[in-house]
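Participant: Once you've had a glance at the structure underneath, I'll fire off some questions.
There are 2 protein chains.
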Amino acid sequence: MPTTQKDIAAKLNVSIMTVSKALKGHPDISAKTRKRVEDTAREMNYTVNVVARSLVQKRTHTIGVIVPDISELYYAEIVRGIEMVFRQHQYNILLIDSENDPDIELDAIQTLLEKRVDGLIFGPTEKTSRYIDLLKTVSIPYILINNTPKALHCDSISIDRRHGSMLSVSHLLSSGYEDIYFLYTFKHLEQSQHSINGCYDAFDQFNLPREALKLVYCENRDLETFYNKTLESVQYNNKKTGVYAWDDEMAVGVYRALVEKGFSIPDQVGLVGFDDIRISKYLPKSLTTIFCPKFEMGKKCAERLLQQLLSEQPLETEKIMMALKLIKRETT
Amino acid sequence: MPTTQKDIAAKLNVSIMTVSKALKGHPDISAKTRKRVEDTAREMNYTVNVVARSLVQKRTHTIGVIVPDISELYYAEIVRGIEMVFRQHQYNILLIDSENDPDIELDAIQTLLEKRVDGLIFGPTEKTSRYIDLLKTVSIPYILINNTPKALHCDSISIDRRHGSMLSVSHLLSSGYEDIYFLYTFKHLEQSQHSINGCYDAFDQFNLPREALKLVYCENRDLETFYNKTLESVQYNNKKTGVYAWDDEMAVGVYRALVEKGFSIPDQVGLVGFDDIRISKYLPKSLTTIFCPKFEMGKKCAERLLQQLLSEQPLETEKIMMALKLIKRETT
DNA sequence: TATATTTACTTTAACGTTAACTTTAAGGTT
DNA sequence: AACCTTAAAGTTAACGTTAAAGTAAATATA
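Protein sequences, first through last, are from chains A and B. Just so we're aligned: 1327 in my numbering is position 52 of the first sequence, and the numbers increase by one with no gaps anywhere. Just so we're aligned: 1386 in my numbering is position 111 of the second sequence, and the numbers increase by one with no gaps anywhere.
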C-alpha cells in the first residue's frame, strides 16, 4: 500500500494537516518543518493520492475524450493536440474509442460522467442519437467535434467541409476537368451532407446542373471499398475527369484503381483528396488535397474547453469553424 | 452539483446504505425498495461518483498509457487495441503523449501514479532514463512496450524487430539485390540496435561481410528526412540495390526519392518497409513489407495486464514477443 | 411457545485529503 | 503588566461511497 500523509505524520510526530500544508508549501509551516516533511515524504516514496483530493475538491483535472476511431490519423492528430494542451495545464485525458458504435458511445459518456471528468470532448458517430438526451442532463462543459445537432445548444468545433469541398471541386472544374466524381462515406453524419453541398456550391458557381455531379457512396471507410468503387464507377469518356475522394487515405486506394484502369494522371483524370496527411506530399504523384489543420483543431478545442473550465459563469455558446485551404500538387 | 445517494435517501426516507445496496442490486434489499430507489435515481439523474468509490475500494479501474507519439499510426493502433480490451473489462485509459521527451515521460509516470491508476502501459522514449528508478518504487503492475532495460525485471511486449529485419534483408538478398541500405532512426532505442543486428543476421546467413551493409542514420523520423537521406545516400552502381526503410510511412518518402533519382523499381532497386500500414497494399507499387500486428499487440498487452490485475499473487515476469512476417508485394 | 433463522434494513467507521476554524506560545506594544 | 499580534501549528468536519457489523421484525423450526 502506498504511503499516506498519515504515515508521514506518525513518523514525524506532527498532525496530518501539517504534512498536507507542508507538501503544498503553505506559509503556515516553518521552513524547518517543511524540509523534514519533504525529506520524509521522499524517503517513504510518498505520492499524493489524487483520488482523495479530487473527492474533496470536486475536480478531477481529467477530461473525457471520445472518438470514433483513434487509429484514424485524422482523430489521432486531433487527440494529440487536445492531449498536449491539457497536459500543459495539468489535466489528463481519459480516452475512449467508440468504434463508430452509438451504443458504445452512449456507455462512454455515462462512464466518463461517473468518473467525474471536468469536461468532455466528443466526436459523435451520428447526427442524432440517444446521446443527446444524456448530454442535456450534463452539468460539465463539453464540446462536440464535427457535428452540431440542432437539438443541442452547445459548443462545437468543426472543419468547414462544405467550403473544403467547394474548393476541391472548383479547382477541378477550373483546371478543365469536366466529369466530376465524389466518392464519399458516412451518410449518417452531418459532414457527409455538408461535403455534398460544397460540391454543389462549386457546380452552381460554374453554372453546371447539380445532377451532373457523380456521387459514389462507399459504405465503409476503408481502402478496399474505395478502390473497388473506383474500379466499378469511375469512367473516362474523352472528357477530362475529376475525382474528389473523401480523404487522403482513401485517395490512395482511388489512385491505384485509376492507374490500373489505365488513366493517365493528371492528364486524363485529376484526383483531389482531403486532409493533407503526412504522406500526401511524398506519394509518387504528390496528392492535390484540402489541407485540414487537425492538430491545431485539437489544440483549439482544448483551449476553448479550458476557457470554460476556468470561467465562473457559463460562456456564450461558440461554434468554431476551422478554415481549410487547397494544396495544389501533382495529381491535378 | 450532481445528485448523491444522500439526496436519494433523503427523498425516500431510507438510509444511504439502502440506496447504495439497492443500486448495486444487493440481495439485502427488497424488490419493492430497489424499484423505488432506481426510479428516484433515474428521476434525479443520479450517476454514481466513481471517485468516492475508488477511494474506498482502492481501485480506480483506470489504466495509464504513455506513448511517444499518438499520431504515429503504429502507436495509434496499439492504443486502439489496448483501449478496446480494457473497455470490454470496464476499465478506462488515461492517455499521455510523451512527445518523445524523457522529461515529459517522467512527469507522466508520476502523474499517473498520483491518479492511482491500477496499472501502467508504457512505451519508453529511451533505453535508459530516470524513469527506471521511479518504476522500481512502483507497486502496481506495468508493461513496457518495445524496450526492456536490463535494470528492470518487468513484463514487456515487443515486436521482434531483429527477426523482422532479418526477414527483410534476407528477402532482398535472395531476390538478387546485392547492395543493401538500411535507413533507420531512433539510435537511442533498443529496437534500433535490434534492427541492425537483424540485418547482420541476414548478412551472416549469406556469408557476406557485415561492413557491406550500408547504414544510413536519419536523425528524425519524418518523411522529409528520409526523402532527403535517400536522395543523398542511395546509389545505384549497376548492381541491383535493396533498400530497407525503418517503416512504411518513411518508405513512402524513400520511394519517391528513388523514383526521382530515376531508378526503376523493382528492377534496379527493391524497397522493403516495415509495419504493413493500411495504405501499403494500395500504393501505386504496392509495398513489400514486414507485417507487424500492432492492434493484436495492443490487445495482448492489455490482456496480460488484466491477468496481473486479477491475480492475487504476483505472476512470473513475462517477455512477450510478437511474431512478424514478410509480405511480398510489388516493390521487390 | 420459545428459539433459531431469515429478511430487510440501519449504524458505524473508513478510504486520504483538504477547507475552515481554533489553539498555543512567543514576541511586540504601550 | 496587560494587551495585541503573529507564527506555527492542531482540530474538526466534510467530500460520496462502501465494508462490516448491528438490529428489529417477520418467519421458520422444534
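Beta carbons: idealized from backbone N, C-alpha and C, even for Gly.
Taking the runs of the alpha helix (DSSP H) that are 4 residues or longer, which of them lie wholly in the region 1315 to 1371 of chain B?
Facilitator: Counting whole runs of 4 or more residues, the region 1315 to 1371 of chain B contains the alpha helix (DSSP H) stretches 1325 to 1332 and 1348 to 1363.
Participant: Please work out which residues of its chain come closer than 8 Å, Cβ to Cβ, to B:I1345, disregarding the five sequence neighbours upstream and downstream, and give them in chain order.
Facilitator: Once the five neighbours on either side are set aside, the close Cβ partners of B:I1345 are A1351, V1354, L1370 and D1372.
Participant: Quick one: what's got a C-beta closer than 8 Å to A:R1570's C-beta in the same chain, skipping five residues either side?
Facilitator: Residue identity check: residue 1570 of chain A is Phe in the sequence provided, not Arg. Counting only Cβ-Cβ distances below 8 Å, and skipping sequence neighbours, we find E1352, I1353, R1355 and G1356.
Participant: Measuring straight from C-alpha to C-alpha, what distance separates B:I1602 and A:R1405?
Facilitator: Approximately 43 Å between the Cα atoms of the pair.
Participant: Is there a Cβ from chain B that is less than 9 Å from the Cβ of A:A1351?
Facilitator: Judged by the 9 Å Cβ criterion, A:A1351 is in contact with chain B.
Participant: Quick one, which of A:L1387, A:Q1466, A:Y1557 and A:S1295 has its alpha-carbon nearest A:R1328's?
Facilitator: Answer by Cα proximity: A:S1295.
Participant: How many angstroms separate the CA atom of A:A1285 from the CA atom of B:K1286?
Facilitator: The straight-line gap from Cα to Cα measures roughly 41 Å.
Participant: Run the CB neighbour count on B:L1464, radius 10 Å, all protein chains shown included, and call it buried at 16 or more, exposed below.
Facilitator: Flag for B:L1464 reads buried.
Participant: Show which residues of chain B have a CB atom less than 8 Å away from the CB atom of A:P1343.
Facilitator: Residues of chain B passing the Cβ test: none, with the nearest at roughly 11 Å.
Participant: Provide the residue span of the beta strand (DSSP E) that contains A:L1483, from first to last.
Facilitator: It is not in any beta strand (DSSP E) - A:L1483 carries neither H nor E in the DSSP assignment.
Participant: For B:A1598, I'd like the list of residues in its chain whose CB is within less than 7 Å of its CB, leaving aside the five on either flank, ordered along the chain.
Facilitator: So the qualifying residues of the chain are D1435.
Participant: Beta strand (DSSP E) containing B:T1564: first to last residue?
Facilitator: Segment T1564 to F1566, the beta strand (DSSP E) holding B:T1564.
Participant: For A:S1440, I'd like the list of residues in its chain whose CB is within less than 6 Å of its CB, leaving aside the five on either flank, ordered along the chain.
Facilitator: Cβ neighbours of A:S1440 beyond the five flanking positions: S1470, G1473 and C1474.
Participant: Just how far apart, CA to CA, sit A:C1567 and A:L1410?
Facilitator: For A:C1567 and A:L1410, the distance between alpha carbons rounds to 28 Å.
Participant: Report all residues from its chain with a CB closer than 8 Å to the CB of A:H1428; omit the five preceding and five following residues, and keep chain order.
Facilitator: Excluding positions up to five away in sequence, the list reads T1592.
Participant: State the start and end residues of the unbroken beta strand (DSSP E) segment that holds A:K1600.
Facilitator: Start and end: K1600 to I1602.
Participant: Might you give, ordered along the chain, the residues of its own chain that have their beta carbon closer than 7 Å to the beta carbon of B:Q1280, omitting 5 neighbours on each side?
Facilitator: Answer for B:Q1280: I1291, V1294 and S1295, listed in chain order.
Participant: Please report how far the alpha carbon of B:E1524 lies from the alpha carbon of B:L1490, in whole angstroms.
Facilitator: In a straight line, the C-alpha of B:E1524 is about 19 Å away from that of B:L1490.
Participant: Within the present structure, is the beta-carbon of B:Q1466 separated from the nearest heavy atom of the ligand NAD by less than 8 Å?
Facilitator: The ligand NAD is absent from the structure shown, which contains no ligands of any kind.
Participant: Indicate the three-state DSSP secondary structure (helix, strand or coil) for B:R1476 in the structure shown.
Facilitator: Strictly speaking, residue 1476 of chain B in this sequence is Asp, with Arg absent from that position. If DSSP states are grouped into helix, strand and coil, B:D1476 belongs with the helices.
Participant: Shortest alpha-carbon distance to B:Q1332 belongs to which of B:Y1519, B:D1479, B:V1392 and B:I1552?
Facilitator: Ranking the options by Cα distance to B:Q1332, first place goes to B:V1392.
Participant: Taking only the alpha-carbon atoms, compute the straight-line gap between B:A1487 and B:F1481 and give it to the nearest angstrom.
Facilitator: So the alpha carbons of these two residues sit roughly 12 Å apart.
Participant: Quick check on this structure: which residue in B:T1337, B:H1364, B:Q1543 and B:I1455 has the alpha carbon closest to the alpha carbon of B:R1485?
Facilitator: Comparing Cα positions, the closest option is B:I1455.
Participant: Is A:G1548 close to chain B? Criterion is C-beta to C-beta, closer than 9 Å.
Facilitator: No, its Cβ sits nowhere closer than 9 Å to a Cβ of chain B.
Participant: Using a Cβ-Cβ cut-off of less than 7 Å, give me the residues of the region 1492 to 1515 of chain B that come near chain A, in sequence order.
Facilitator: Within the region 1492 to 1515 of chain B, the qualifying residues are L1498 and Y1502.
Participant: Name the two residues that bound the continuous beta strand (DSSP E) containing B:L1490.
Facilitator: K1489 to Y1492 is the extent of the beta strand (DSSP E) around B:L1490.
Participant: Give every residue of the same chain whose Cβ lies closer than 6 Å to the Cβ of A:K1515, excluding the five residues on either side of it in the sequence, and list them in chain order.
Facilitator: The residues are G1451, Y1452 and E1453.
Participant: A:Y1519 versus chain B: which residues are under 7 Å apart at the beta carbon?
Facilitator: Result: empty, since nearest Cβ-Cβ is about 18 Å, beyond 7 Å.
Participant: What does B:I1420 touch in chain A if you count any residue whose Cβ is under 7 Å from its own?
Facilitator: Per Cβ cutoff of 7 Å: no residues; B:I1420 is ~16 Å from chain A at best.
Participant: In the DSSP output, which residue or residues are listed as bridge partners for B:A1520?
Facilitator: For B:A1520, which the question treats as bridged, DSSP gives the partners B:L1458.
Participant: Within the chosen definition, does the region 1414 to 1426 of chain B reach the region 1577 to 1589 of chain B through at least 3 CB pairs nearer than 8 Å?
Facilitator: Verdict: yes, contact present.
Participant: If you follow the alpha helix (DSSP H) that A:F1538 is in, where does it begin and where does it stop?
Facilitator: From DSSP, A:F1538 is part of no alpha helix (DSSP H); its letter is neither H nor E.
Participant: Can you give me the start and stop residues for the alpha helix (DSSP H) that B:K1594 sits inside?
Facilitator: Note, B:K1594: premise wrong, no alpha helix (DSSP H); beta strand (DSSP E) at K1594 to M1597.
Participant: Determine whether the beta carbon atoms of B:E1374 and B:P1343 lie at a separation below 9 Å.
Facilitator: Yes, the Cβ-Cβ distance between B:E1374 and B:P1343 is below 9 Å.
Participant: Going along chain A, which residues have a C-beta under 7 Å from B:A1327?
Facilitator: Under the 7 Å cutoff, chain A gives L1330.
Participant: Strictly under 9 Å for the Cβ-Cβ distance: is A:F1570 near chain B by that measure?
Facilitator: It does; some Cβ of chain B falls within 9 Å.
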